[in-house]
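Quick note, the sequence shown lines up with residues 489 to 620 if you use the numbering used here.
Glycine included, every Cβ here is placed at the ideal spot set by N, Cα and C.
Quantities reported herein were computed from a predicted structural model and do not represent experimental measurements.
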Amino acid sequence: MVKRDRREYSRAYMAKYRKENPDKVKYWRNKSNQASNAYWKRKVVELYSNGTMQCARCRFGDIRALSIDHINGRTKEDREIRDSNPRAYYKRVIQENNKAKYQVLCMNCQWIKRHEKKEYNHYYTQGINKEG
Ligand SMILES: [Zn+2]
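Put into structure tokens, the structure is as follows:
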């Protein structure tokens, strides 16, 4: 078997497998997306927390509740960027490597900061902050 035949064979095999096992393919795609998102989230938190893996304000350290905060709020340009998935966003933020722009905050501190700074722009705070 020459190399090219083998590649043809495995491509055909994979196509057949995907067709016959859509659930499995979907499952593994989700799995690997989740793993990949988690990997890049860890990377971005590591970078912007200077390796502490903690919230910049309260030092909360559970990565599940940590996220990247725009220190001075989102600019119009920031809001116009549409990353296709979480890891695309994380990679972009890592590439920017701008510690004057981003920091790591836990969700509590994110919400508190939004109230303090009246950052009402983010879609899921709309309507909520109006009362608070
Ligand atoms: Zn915090």
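As a quick check of your reading: which residues have a C-beta less than 5 angstroms from at least one non-hydrogen atom of ligand 1, in chain order? Result (chain order): C543, R545, C546, F548, C594 and C597.
Residue of M595, C594, E534 and E565 minimising C-alpha distance to K579: The shortest Cα separation from K579 among M595, C594, E534 and E565 belongs to E534.
What is the residue span of the beta strand (DSSP E) that I556 lies within? DSSP places I556 inside the beta strand (DSSP E), whose first and last residues are L554 to H558.
Mind reading off the beta-carbon distance from D566 to L593? Whole number of angstroms is fine, and I expect it under 8 angstroms. Their Cβ separation, rounded to whole angstroms, is 16 angstroms, which puts D566 and L593 out of contact at 8 angstroms.
Mind checking whether A588 and I551 have CB atoms under 8 angstroms apart? Cβ distance not < 8 angstroms, so A588 and I551 don't count as in contact.
Host alpha helix (DSSP H) of V533 (start-end): Note, V533: alpha helix (DSSP H), P510 to Y536.
Which residues does DSSP pair with Y590 in a beta bridge? In the DSSP secondary-structure assignment, Y590 is bridged to H558.
Apart from the five residues on each side of it in sequence, which residues of its chain come closer than 8 angstroms, Cβ to Cβ, to W528? Hits under 8 angstroms: P574, R575, Y578, K579 and I582.
Distance, Cα to Cα, R562 vs K519? Straight-line spacing of the CA atoms in R562 and K519 works out to 31 angstroms.
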